[in-house]
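Just below is one structure, and these are the notes that go with it.
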């Protein structure tokens, strides 16, 4: 990449830096996937058990995905310490690499800075991408999307240039995508197979040394990991079949039932303006005067739409499943922008200037909206669900005395488990385990009622609905119970 292209890459970095990294560690670890992965990573960090992920120090048979992201989070914990930033940095770096890779690919194929900068610039203001449970949290989707984007674009380069290294790089990045999120990484493959057949490249692929080298690499890494995990953790393959192969596609898990049009409606709701540009970019597959633009637009359209159709047939639907399509759709949107603003008129054209100024204003409004979401996340830190975490974080920062505190939680609260793991002064306790002088921290009214019924206690603090009780003794003590409080 020459110096002029490096300047373009620097512009991309300046555009994406704040949306990716701004206030990255401010929010507490979020409930569900991020907190589960955080617990997995912390326990692996402590046990050095690299093959079997654990939850509450037991083999995790609910989150059965391969451990590449967890390995990266463990490395991050080693570098940055035990904190929220360490859990999220791998996702943030993956987003940066995705944007730079898109820039490199478009510069390589088109030598056009507007197109190459526009694609990552549009991606970073896409609300479905730059968000919680996207690139802003320690979830699988940013890393998965980086690898799927790479293998899709590397495969396009192979179809156009026939260089074996691109086919090999396709296999390597496909393997790493599977090592990130298992079978979800393969959903683009039917489209790529169809495109290889359409372009009459399949015979050439099947006779290439790079194909068989990549195939061996894939088999050694992916089936190899699953078999090794089954050896160390019997029953793992059965759990994978239940959770990832049949469970999510053919059944509704955790009540995530949505209509067939859910993902298309989500794309509309998270950015109707971008949806128009996506459609315009798809239209360039037949209307562009450039054969290269037509080919790329058609390729990306088939890949993105096939992915959306396949996941729409799944019974379990979640908005973050669509994230791998955003880089492809952003390139299509950039193609649309490119078609609008080229060729540049030789003389000063007022209509063209108005068009450029209008586009810049619209983009700045979208960018400001993303910054607002980043700098002022739409999460109420003092909602009771999150307030208990803020209370614990204040204790970890030395603002509160939590040395004799125990958390009571009866429901599925993985975020609390992470903070219980990483905070030396606090631990999980059953209702009957508190001793005299200790503090019971409870999130729910039901748990608070149980504590008041069991113990002679005093409410010492109410932190936005989270109750902290000082235990004075049992309400009705037997000799045995009295002894346990001493």
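In our numbering, the protein residues as written are 72 to 557.
We put the CB at the ideal spot given by N, CA and C, even for glycine.
DSSP three-state call for residue i: helix, strand or coil?
| i | result |
| --- | --- |
| residue 94 | coil |
| residue 280 | helix |
| residue 550 | The predicted model places residue 550 with a pLDDT of 49, which falls under 50 and marks its position as unreliable; any figure quoted below should be read in that light. Of the three classes helix, strand and coil, the one that applies to residue 550 here is helix, per DSSP. |
| residue 78 | helix |
| residue 610 | The question about residue 610 has no answer here: the residues shown for the chain are numbered 72 through 557. |
| residue 476 | strand |
| residue 600 | There is simply no residue 600 to check, as the chain begins at 72 and stops at 557 in what is shown. |
| residue 499 | strand |
| residue 168 | helix |
| residue 211 | coil |
| residue 339 | helix |
| residue 197 | coil |
| residue 518 | helix |
| residue 204 | coil |
| residue 226 | helix |
| residue 471 | coil |
| residue 249 | helix |
| residue 151 | helix |
| residue 486 | helix |
| residue 258 | coil |
| residue 410 | helix |
| residue 101 | coil |
| residue 415 | coil |
| residue 363 | helix |
| residue 535 | coil |
| residue 330 | coil |
| residue 506 | coil |
| residue 182 | coil |
| residue 119 | coil |
| residue 233 | coil |
| residue 161 | helix |
| residue 86 | helix |
| residue 314 | helix |
| residue 398 | helix |
Considering only DSSP beta bridges, list what residue i is partnered with.
| i | result |
| --- | --- |
| residue 129 | 126 |
| residue 530 | 540 |
| residue 545 | 526 |
With hydrogens ignored, establish whether the beta-carbon of residue i is closer than 6 Å to any heavy atom of the ligand MN.
| i | result |
| --- | --- |
| residue 120 | Absence of the ligand MN is noted for the structure shown, with no ligands found whatsoever. |
Give me the residue from the options with the minimum Cα distance to residue i.
| i | options | result |
| --- | --- | --- |
| residue 265 | 439, 371, 394 and 462 | 371 |
| residue 389 | 330, 244 and 477 | 330 |
| residue 307 | 106, 122 and 187 | 122 |
| residue 364 | 340, 405, 338 and 374 | 405 |
| residue 84 | 536, 344 and 172 | 172 |
| residue 367 | 467, 230, 287 and 437 | 230 |
| residue 233 | 218, 270 and 219 | 270 |
| residue 187 | 396, 81, 335 and 415 | 81 |
| residue 302 | 393, 130 and 341 | 130 |
| residue 170 | 249, 200 and 488 | 200 |
| residue 343 | 198, 541, 493 and 73 | 198 |
| residue 108 | 503, 95, 335 and 127 | 127 |
| residue 492 | 96, 519, 102 and 111 | 111 |
| residue 444 | 95, 528 and 356 | 95 |
| residue 252 | 218, 332 and 284 | 218 |
| residue 209 | 168, 260, 428 and 102 | 102 |
| residue 541 | 278, 533 and 529 | 529 |
| residue 433 | 362, 348 and 398 | 348 |
| residue 398 | 374, 430 and 490 | 374 |
| residue 185 | 501, 471, 410 and 534 | 410 |
| residue 305 | 532, 87 and 132 | 132 |
| residue 479 | 515, 426, 447 and 442 | 515 |
| residue 182 | 167, 533, 77 and 316 | 77 |
| residue 392 | 73, 499, 168 and 212 | 212 |
Under the assumption that residue i contacts residue j (Cβ atoms under 8 Å), give the Cβ distance between them as a whole number of angstroms.
| i | j | result |
| --- | --- | --- |
| residue 118 | residue 310 | In fact, because the Cβ distance is near 20 Å, the residues do not count as touching under 8 Å. |
| residue 510 | residue 538 | That pair is no contact at about 10 Å. |
| residue 165 | residue 214 | 4 Å |
| residue 100 | residue 486 | 5 Å |
| residue 238 | residue 292 | The Cβ separation is near 17 Å, so there is no contact. |
| residue 139 | residue 247 | 7 Å |
| residue 505 | residue 477 | 6 Å |
| residue 90 | residue 296 | Not quite, the Cβ-Cβ distance comes to about 33 Å (not below 8 Å), so this is no contact. |
| residue 379 | residue 412 | Not quite, the Cβ-Cβ distance comes to about 28 Å (not below 8 Å), so this is no contact. |
| residue 469 | residue 407 | Not quite, the Cβ-Cβ distance comes to about 53 Å (not below 8 Å), so this is no contact. |
| residue 261 | residue 356 | Rounded, the Cβ-Cβ distance is 19 Å, inconsistent with contact. |
| residue 527 | residue 544 | 5 Å |
| residue 258 | residue 382 | 7 Å |
Checklist entry - Between the stretch 146-161 and the stretch 188-204, are three or more C-beta pairs nearer than 8 Å? => result Contact check between the stretch 146-161 and the stretch 188-204: fewer than three CB pairs, one atom from each, fall below 8 Å, which does not count as touching.
Checklist entry - Would you say the stretch 181-192 touches the stretch 213-232, given that touching needs at least three Cβ pairs under 8 Å? => result no
Next on the checklist: So, does the stretch 460-473 touch the stretch 424-444, judging by three or more C-beta pairs under 8 Å?
Outcome noted: no
Checklist entry - Three or more beta-carbon pairs under 8 Å between the stretch 142-153 and the stretch 103-118, yes or no? => result yes
Item to check | Touching by the beta-carbon criterion (3+ pairs, under 8 Å), the stretch 417-434 and the stretch 238-247 | outcome: no
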